[in-house]
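In my numbering, the protein residues as written are 14 to 336.
For each residue, glycine too, the CB sits at the ideal point set by N, CA and C.
These notes concern the structure reproduced below.
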């Protein structure tokens, strides 16, 4: 019950109002970006965006949803495999994502062997019956489980690795200079794995404050307060609001597993040009589990379909427009 009490404390309205008052007292007009889908959910669910606007703070969404940044070509590859009799295992949030007028959901309805799983272990358990291709989507949060699985050299199990690193995307976004951002709320889940150190070069390069935050309303409000305080004091550092879960160095064992299995690669993100060292390609020693290699003949025939005319998903992911 202790965790439930702590959660309720992090939703305390009186404390929230005190934090909002302190933010308002800075008398700033600033724009802050977050790069996490769960932060977006908290901000919208509790009306935090509206409350912060009254304090002179605009909060916008960045490229923090791994499903959203998956490209049409990557989805096409999974669809092509399923069309050709390959069993494809994926998390449920990828099933309806469209590409070229189709999706994994539609292919499944047409008889394709598409399985929804809740963990990579679910996919692994299916290999007793048939070869399985696991759709590896996600940032540094989910990549370690894929890495650990592949370190065990499973049979009949292959991965389409669409895992991505968040910091290179943040760097690329700021480098594009399309919008002026005064501060960044860094993702809590990702930071439990990578810690806060990878964000430091970004703050130094762009002179921008960053704060790692948890996912309760008071976490988000405190992160905004800490950014506003840095701006008011003329600082641009990386601070950690989410100290109950995020260590400075992160999870070293998870990082080590990722290093053994993945190597950084240059990949496109939806709405972005190719971002250097932002992808997680499987190392050569794991080729026997690499779906890109095993099904090379099928996948090399695919021509990428352009985004639908008028689509502005990329503008949302780059913080240019609201969702």
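Three-state class that DSSP yields for residue i in the structure shown
{"i": "residue 140", "result": "helix"}
{"i": "residue 70", "result": "strand"}
{"i": "residue 284", "result": "coil"}
{"i": "residue 310", "result": "helix"}
{"i": "residue 18", "result": "Since pLDDT at residue 18 reaches only 46, below the 50 mark, its modelled position is unreliable, and the value read off the structure follows with that caveat. If DSSP states are grouped into helix, strand and coil, residue 18 belongs with the helices."}
{"i": "residue 299", "result": "helix"}
{"i": "residue 25", "result": "coil"}
{"i": "residue 78", "result": "coil"}
{"i": "residue 322", "result": "coil"}
{"i": "residue 278", "result": "strand"}
{"i": "residue 290", "result": "strand"}
Among the options, the one whose alpha carbon lies nearest that of residue i
{"i": "residue 42", "options": "59, 23, 22, 65", "result": "65"}
{"i": "residue 315", "options": "305, 323, 258", "result": "305"}
{"i": "residue 214", "options": "190, 37, 185, 157", "result": "185"}
{"i": "residue 155", "options": "268, 93, 34, 53", "result": "268"}
{"i": "residue 295", "options": "277, 312, 310", "result": "277"}
{"i": "residue 234", "options": "53, 38, 61", "result": "61"}
{"i": "residue 255", "options": "227, 262, 245", "result": "227"}
{"i": "residue 39", "options": "124, 245, 193, 52", "result": "245"}
{"i": "residue 192", "options": "93, 334, 122", "result": "334"}
{"i": "residue 93", "options": "58, 77, 111", "result": "111"}
Residues near residue i in its chain [Cβ-Cβ closer than 6 Å; skip 5 each side]
{"i": "residue 340", "result": "Past the boundaries of the shown model lies residue 340; the chain is included only from 14 to 336, so the question cannot be answered."}
{"i": "residue 243", "result": "222"}
{"i": "residue 75", "result": "46, 48, 332"}
{"i": "residue 275", "result": "293"}
Check whether residue i and residue j have beta carbons under 8 Å apart
{"i": "residue 127", "j": "residue 137", "result": "no"}
{"i": "residue 249", "j": "residue 222", "result": "yes"}
{"i": "residue 272", "j": "residue 279", "result": "no"}
{"i": "residue 225", "j": "residue 253", "result": "yes"}
{"i": "residue 153", "j": "residue 209", "result": "no"}
{"i": "residue 72", "j": "residue 36", "result": "no"}
{"i": "residue 129", "j": "residue 105", "result": "yes"}
{"i": "residue 165", "j": "residue 140", "result": "no"}
Neighbourhood of residue i by C-beta, 7 Å cutoff - its chain only, sequence neighbours within 5 removed
{"i": "residue 28", "result": "231"}
{"i": "residue 181", "result": "288, 289, 290, 291"}
{"i": "residue 179", "result": "48, 152, 153, 200, 203"}
{"i": "residue 68", "result": "33, 36, 37"}
{"i": "residue 18", "result": "Only weak support exists for where residue 18 lies, its pLDDT of 46 falling under 50; the value from the coordinates is given anyway. The answer is none, since no qualifying residue turns up."}
{"i": "residue 283", "result": "81, 82, 83, 84, 326, 327, 330"}
Beta-carbon proximity list for residue i, same chain, < 8 Å, skipping 5 on both sides
{"i": "residue 7", "result": "For the chain, the structure presents residues 14 to 336; residue 7 sits outside this window and is missing."}
{"i": "residue 107", "result": "80, 83, 88, 91, 117, 148, 150"}
{"i": "residue 171", "result": "144, 145, 146, 147, 302, 303, 304, 307, 308"}
{"i": "residue 220", "result": "249"}
Beta carbon proximity, residue i to chain D, threshold 8 Å
{"i": "residue 75", "result": "Among the chains in the structure shown there is no chain D, since it carries only a single protein chain."}
*Give, in chain order, every unbroken run of the alpha helix (DSSP H) that is at least 4 residues long and sits entirely within the stretch 123-192.*
Within the stretch 123-192, the complete alpha helix (DSSP H) runs of at least 4 residues are 133-138, 156-164, 179-189.
_Ignoring anything shorter than 4 residues, give me the alpha helix (DSSP H) runs that lie fully in the stretch 186-267, in order along the chain._
Counting whole runs of 4 or more residues, the stretch 186-267 contains the alpha helix (DSSP H) stretches 201-207, 213-219, 230-246.
*Completely contained beta strand (DSSP E) runs for the stretch 24-67, where each covers 3 or more residues*: As far as the stretch 24-67 is concerned, its whole beta strand (DSSP E) runs of at least 3 residues are 43-47.
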